[in-house]
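**Student:** In our numbering, the protein residues as written are 218 to 723.
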């Protein structure tokens with residue numbers, strides 16, 4: 218049988234997901250440059266970017282519900298009561314269908330008033346761009362369907378669905394180049410709509426043709442555990458959105474350039490998370506859920522430690538090296554035109570703590586995978602609130618006394634606190650998890666990176682010139698060579714290579 222989305226192993230799925238996301242990120246960067254060149258900064262682009270941000274934030278919340286509560290519940294039921302998992306998935310397919318119909322009706326009947334209620338744009342500004350706003354409602358509905366259908370197919374090891382990801386940048390790029398001068402930013406929105414429409418058709422076709430899916434069958438009633446888990450994750454997602462919005466709101470009143478500097482720093486620090494951590498952690502969650510459903514914690518721990526090592530081995534060098542050479546790296550990417558060295562210094566000051574936020578997102582995501590696999594979000598809910606409320610309390614205080622640069626350090630502190638809380642919770646309530654081995658592994662890798670930085674730092678302090686490209690290149694060669702030798706001596710390099718190569722090889 219010829220598969221539209223061929224079933225693959227978790228290893229192959231990870232490679233495909235990381236590769237596809239890298240292509241998407243590269244094309245998205247080109248789109249951002251072209252939008253700036255074509256349209257500059259106008260009311261139309263402000264509305265467009267606001268819509269994209271709003272859909273991205275809400276879509277992330279919905280996607281989180283899919284992969285952390287709905288899919289693990291369906292996988293558990295399929296393992297213990299074959300056939301019940303599909304009933305759960307069909308229940309939520311119909312639920313999403315109702316939500317999407319409501320979204321589309323709102324987009325047809327009252328798009329401008331709906332957006333005016335959750336933005337600071339005037340009604341006159343929104344009315345002038347009604348078609349753009351209507352298309353955004355259609356796009357959001359298609360996105361919700363595409364996210365959910367993709368999650369279902371990944372549950373059945375159709376990881377090749379990740380190859381559709383670059384379409385979300387390719388179609389807007391093509392439409393922008395073809396129609397940008399004629400219809401403006403509307404061309405980008407049309408490109409997104411076409412991309413997601415094609416994906417929904419392909420995903421539904423794959424479910425019907427390859428998995429013989431019957432969307433009509435039902436008869437499932439939500440279990441109390443699933444209800445509690447959905448509620449817990451939903452509340453945490455909303456709090457996460459608020460914690461992301463609050464610092465931007467506070468920074469906007471602290472002086473010119475702070476928000477822009479933070480934006481430049483986040484573009485660099487969040488790229489590894491988008492390309493690597495999110496993709497790898499998502500597939501690892503499915504694999505771990507399979508093992509936990511079978512009560513196979515031995516293999517579950519082996520895979521967990523392997524994934525944790527893989528991510529930390531790659532991300533720790535990025536964080537440690539880039540933290541030291543932060544200013545040079547910022548200037549390499551952004552020193553063009555009006556972007557000055559002083560702007561680079563400010564962005565680098567934001568970047569340094571954000572790099573370590575990026576690093577510790579990886580173990581945090583993997584710990585969240587255990588909560589999803591064991592379906593213990595309800596039990597963890599009270600513990601999780603500590604980090605969120607502490608963040609909301611500390612941010613206004615620290616930023617008032619120490620300015621905008623206090624934000625990334627406050628974020629780092631709260632992330633480390635949340636990571637520690639999750640560690641002690643899981644160590645207490647999930648005794649089968651090898652907690653100590655996980656932290657010992659991370660501590661060893663992090664220490665090797667700190668030691669490897671020393672000769673590179675000596676070069677940077679005493680011998681580097683004024684050219685940031687040459688400084689980063691030579692410093693990077695020294696760092697990688699030293700780290701490679703240390704990792705070989707510790708055995709971490711060999712272990713990493715074994716994870717990347719087929720099992721038949723070393």
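The C-beta atom is built at its ideal place from N, Cα and C for all residues, glycine as well.
Name the two residues that bound the continuous alpha helix (DSSP H) containing residue 487.
**Tutor:** The residue you call residue 487 lines up with position 270 of the chain shown. Neither: residue 487 is in no alpha helix (DSSP H) and is coded neither H nor E.
**Student:** Just to confirm, is the Cβ distance from residue 711 to residue 523 under 8 Å?
**Tutor:** By 1-based counting over the chain shown, the position of residue 711 is 494. By 1-based counting over the chain shown, the position of residue 523 is 306. Not closer than 8 Å, so no.
**Student:** Considering only their Cβ atoms, is the gap separating residue 700 from residue 669 smaller than 8 Å?
**Tutor:** Along the chain shown, one-based indexing puts residue 669 at 452. Along the chain shown, one-based indexing puts residue 700 at 483. Cβ distance < 8 Å, so residue 669 and residue 700 count as in contact.
**Student:** State yes or no: is the C-beta of residue 409 nearer than 7 Å to some heavy atom of the ligand NAD?
**Tutor:** With respect to small molecules bound, the structure shown includes none, and the ligand NAD cannot be examined in it.
**Student:** Indicate the three-state DSSP secondary structure (helix, strand or coil) for residue 656 in the structure shown.
**Tutor:** For the purposes of this step, residue 656 is taken as the residue at position 439 of the chain shown. Of the three classes helix, strand and coil, the one that applies to residue 656 here is helix, per DSSP.
**Student:** How would you label residue 264, buried or exposed, when you count the other beta carbons within 10 angstroms and need 16 or more for buried?
**Tutor:** Locating residue 264 in the chain shown gives position 47, counting from the first residue. Label assigned to residue 264: buried.
**Student:** Which of helix, strand or coil does DSSP assign to residue 395?
**Tutor:** Residue numbering aside, residue 395 sits at position 178 when the chain shown is read from its first letter. Helix.
**Student:** In or out: residue 613 buried (at least 16 other Cβ within 10 Å) or exposed?
**Tutor:** Here residue 613 corresponds to residue number 396 of the chain shown, with the count starting at 1. Per the 10 Å Cβ criterion, exposed.
**Student:** State yes or no: is the C-beta of residue 681 within less than 8 Å of the C-beta of residue 500?
**Tutor:** Within the chain shown, the letter at position 464 stands for residue 681. Within the chain shown, the letter at position 283 stands for residue 500. Cβ distance not < 8 Å, so residue 681 and residue 500 don't count as in contact.
**Student:** Using 8 Å as the Cβ pair cut-off and three pairs as the minimum, do the region 344 to 364 and the region 320 to 328 touch?
**Tutor:** Because the criterion of three Cβ pairs below 8 Å is met, the region 344 to 364 and the region 320 to 328 touch.
**Student:** Assuming residue 702 is part of the alpha helix (DSSP H), what are its boundary residues?
**Tutor:** The sequence position of residue 702 within the chain shown is 485, counting from 1. Taken as a continuous stretch (DSSP letters only), the alpha helix (DSSP H) holding residue 702 covers 685 to 707.
**Student:** For residue 402, name the three-state secondary structure that DSSP assigns.
**Tutor:** Locating residue 402 in the chain shown gives position 185, where the first residue counts as 1. Looking at residue 402 - three-state DSSP - the assignment turns out to be coil, as it is neither helix nor strand.
**Student:** Just the C-alpha distance for residue 230 and residue 377, rounded to the nearest angstrom, thanks.
**Tutor:** Counting from 1 along the chain shown, the entry for residue 230 is found at position 13. Counting from 1 along the chain shown, the entry for residue 377 is found at position 160. If you take the alpha carbons of residue 230 and residue 377, they lie about 7 Å apart.
**Student:** Look at residue 364 and residue 279 and say whether their C-beta atoms are less than 8 Å apart.
**Tutor:** Position 147 of the chain shown holds residue 364. Position 62 of the chain shown holds residue 279. Their beta carbons are under 8 Å apart, which means residue 364 touches residue 279 by this criterion.
**Student:** State the Cα-Cα distance for the pair residue 482 and residue 643, rounded to the nearest angstrom.
**Tutor:** For this step, residue 482 is matched to residue 265 along the chain shown. For this step, residue 643 is matched to residue 426 along the chain shown. Their backbone Cα atoms lie some 33 Å apart in a straight line.
**Student:** Please tell me whether residue 237 and residue 359 are closer than 8 Å, where the distance is taken between their beta carbons.
**Tutor:** In the chain shown, counting from the first residue as 1, residue 237 sits at position 20. In the chain shown, counting from the first residue as 1, residue 359 sits at position 142. For residue 237 and residue 359, no; Cβs fall outside 8 Å.
**Student:** Return the chain-ordered list of same chain residues with a C-beta closer than 7 Å to the C-beta of residue 445, the five sequence neighbours on each side being excluded.
**Tutor:** On the chain shown, position 228 is the one that residue 445 refers to. Same-chain partners within the cutoff: 595.
**Student:** Going by C-alpha distance, which of 567, 252 and 635 is nearest residue 600?
**Tutor:** Along the chain shown, one-based indexing puts residue 600 at 383. Nearest C-alpha to residue 600: 635.
**Student:** Taking one C-beta from the region 536 to 545 and one from the region 688 to 703 each time, how about it: are there three or more such pairs within less than 8 Å?
**Tutor:** Yes, the region 536 to 545 touches the region 688 to 703.
**Student:** Take residue 659 as the anchor and find which of 528, 617, 621 and 239 has the nearest alpha-carbon.
**Tutor:** In the chain shown, the residue the question calls residue 659 occupies position 442. When only C-alpha atoms are compared, the closest one is 528.
**Student:** Going by C-alpha distance, which of 704, 400 and 267 is nearest residue 533?
**Tutor:** Sequence index remark: in the chain shown, residue 533 carries index 316 (1-based). Of the candidates 704, 400 and 267, the one whose C-alpha sits nearest the C-alpha of residue 533 is 704.
**Student:** When the distance is taken between beta carbons, is residue 382 closer than 8 Å to residue 241?
**Tutor:** Counting from 1 along the chain shown, the entry for residue 241 is found at position 24. Counting from 1 along the chain shown, the entry for residue 382 is found at position 165. Going by C-beta atoms, residue 241 is nearer than 8 Å to residue 382.
**Student:** Assess contact between the region 420 to 435 and the region 390 to 409, defined as three or more Cβ pairs (one per stretch) separated by less than 8 Å. Is contact present?
**Tutor:** Touching, no.
**Student:** Run through DSSP, which three-state label would residue 723 get?
**Tutor:** Numbered from its first residue, the chain shown carries residue 723 at position 506. Below a pLDDT of 50, predicted positions are generally treated as unreliable, and residue 723, at 32, falls in that range; the measurement from the model is reported next regardless. In the structure shown, residue 723 sits in coil (DSSP, three-state: anything other than H, G, I, E or B).
**Student:** Whose C-beta lies closer than 8 Å to the C-beta of residue 486 among residues of the same chain, with five residues either side of it excluded?
**Tutor:** If you number the chain shown from 1, residue 486 lands on position 269. The answer, listed in chain order, is 568, 571, 572, 574 and 575.
**Student:** Measure the Cβ-Cβ separation of residue 506 and residue 579 and say whether it is below 8 Å.
**Tutor:** Counted from its first residue, the chain shown places residue 506 at position 289. Counted from its first residue, the chain shown places residue 579 at position 362. Going by C-beta atoms, residue 506 is not nearer than 8 Å to residue 579.
**Student:** To the nearest angstrom, report how far apart residue 622 and residue 457 are at their CA atoms.
**Tutor:** Locating residue 622 in the chain shown gives position 405, where the first residue counts as 1. Locating residue 457 in the chain shown gives position 240, where the first residue counts as 1. Whole-angstrom Cα-Cα distance: 20 Å.
**Student:** Between 402, 515 and 516, which has its C-alpha nearest residue 256's C-alpha?
**Tutor:** Locating residue 256 in the chain shown gives position 39, where the first residue counts as 1. Among 402, 515 and 516, the Cα nearest to that of residue 256 is on 402.
**Student:** Take residue 222 as the anchor and find which of 418, 585, 661 and 707 has the nearest alpha-carbon.
**Tutor:** As a working note, residue 222 is residue 5 in the chain shown. Considering only alpha carbons, the answer is 418.
**Student:** Mind checking which residues open and close the alpha helix (DSSP H) that includes residue 615?
**Tutor:** Here residue 615 corresponds to residue number 398 of the chain shown, with the count starting at 1. Counting along the chain, the alpha helix (DSSP H) containing residue 615 begins and ends at 594 to 619.
**Student:** My output table needs one value for residue 385: the three-state DSSP class, helix, strand or coil.
**Tutor:** Numbered from 1 along the chain shown, position 168 holds the residue referred to as residue 385. Three-state result, residue 385: helix.
**Student:** Per DSSP, what kind of secondary structure is residue 251 in: helix, strand or coil?
**Tutor:** Position 34 of the chain shown, counted from the start, is the residue given in the question as residue 251. Helix, per DSSP.
**Student:** Any idea if residue 686 is buried or exposed, counting beta-carbon neighbours within 10 angstroms, 16 or more meaning buried?
**Tutor:** Sequence index remark: in the chain shown, residue 686 carries index 469 (1-based). Under this definition residue 686 is an exposed residue.
**Student:** Who are the near neighbours of residue 591 in its chain, counting only those whose CB is closer than 8 Å to its CB and skipping five residues on each side?
**Tutor:** Residue numbering aside, residue 591 sits at position 374 when the chain shown is read from its first letter. Once the five neighbours on either side are set aside, the close Cβ partners of residue 591 are 509 and 647.
**Student:** Is the shortest distance between the beta-carbon of residue 385 and the beta-carbons of chain D less than 8 Å?
**Tutor:** Considering every chain present, this structure includes no chain D. It has just one protein chain.
**Student:** What is the DSSP secondary structure of residue 299, reduced to helix, strand or coil?
**Tutor:** On the chain shown, residue 299 is found 82 positions in, with the first residue counted as 1. If DSSP states are grouped into helix, strand and coil, residue 299 belongs with coil.
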